[in-house]
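Here the sequence shown is numbered in the UniProt record's numbering, starting from 1 and rising by one per residue.
Below is one structure, written out as structure tokens; comments come after it.
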Amino acid sequence: MQVSSSSSAGQVSSSSGGGGSEIAKLQKQLRELTDELKNLATSDMEPKAKQQKAKLLQAQIQMVQAQITAIQRARQQEQQDAQARKMEAAAQTAREQRPPSADGLGSQVDTYA
1 MQVSSSSSAG
11 QVSSSSGGGG
21 SEIAKLQKQL
31 RELTDELKNL
41 ATSDMEPKAK
51 QQKAKLLQAQ
61 IQMVQAQITA
71 IQRARQQEQQ
81 DAQARKMEAA
91 AQTAREQRPP
101 SADGLGSQVD
111 TYA
């Protein structure tokens with residue numbers, strides 16, 4: 001009796017470039033693993049093998065869910081970083097466009113002749 005794995009949950013990287021397509025692939029993989037786990041209940045495997053396969057599938061499901069979460073967090077962090085950079089750039093532009101302030105004493109004293 002042999003219990004085999006039907007997916008490669010640990011092979012997907014979480015690069016920022018393809019976060020959307022990676023999540024879609026992982027969600028598809030998640031659905032497949034979940035379906036396989038559901039179908040396991042009606043399979044004619046021996047109880048011990050069925051239990052081992054269920055544990056394996058549950059572990060793979062958890063890994064895929066963790067990968068999805070990691071990609072989502074990375075994407076959220078990138079968005080926050082981009083927003084912070086935009087705000088800093090806007091603040092810098094505002095500082096550069098501000099007229100020079102007259103902080104010297106001459107600007108505060110009215111002189112009449």
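Yeah, the Cβ is synthetic: ideal placement off N, Cα and C, and Gly gets one too.
Bear in mind that the values here come from a model prediction, so they are computed numbers and not experimental data.
Residues of the same chain with their beta carbon placed closer than 6 Å to that of Arg85 are lacking, with the five preceding and five following residues left out of the count.
Going by C-alpha positions, Gln97 is about 26 Å away from Gln80. Taking the Cα positions, Gln65 is about 17 Å away from Lys38. Your pair Gln67 and Leu26 checks out as a contact, with CB atoms roughly 6 Å apart and the cut at 8 Å. Restricting attention to Gln77, Ile23, Thr34 and Glu78, the CA atom closest to the CA of Ala54 is found in Thr34. By the Cβ-count criterion, Glu88 is exposed, with fewer than 16 other Cβ atoms from all chains shown falling within 10 Å of its own Cβ. Assigned with DSSP and collapsed to three states, Met45 falls in coil, not helix or strand. The three-state secondary structure of Arg95, taken from DSSP, is helix. Setting aside the 5 residues that flank it on each side, Ile23 is surrounded in the same chain by Ile68, Ile71 and Gln72, each with a C-beta closer than 8 Å to its C-beta; the list follows chain order.
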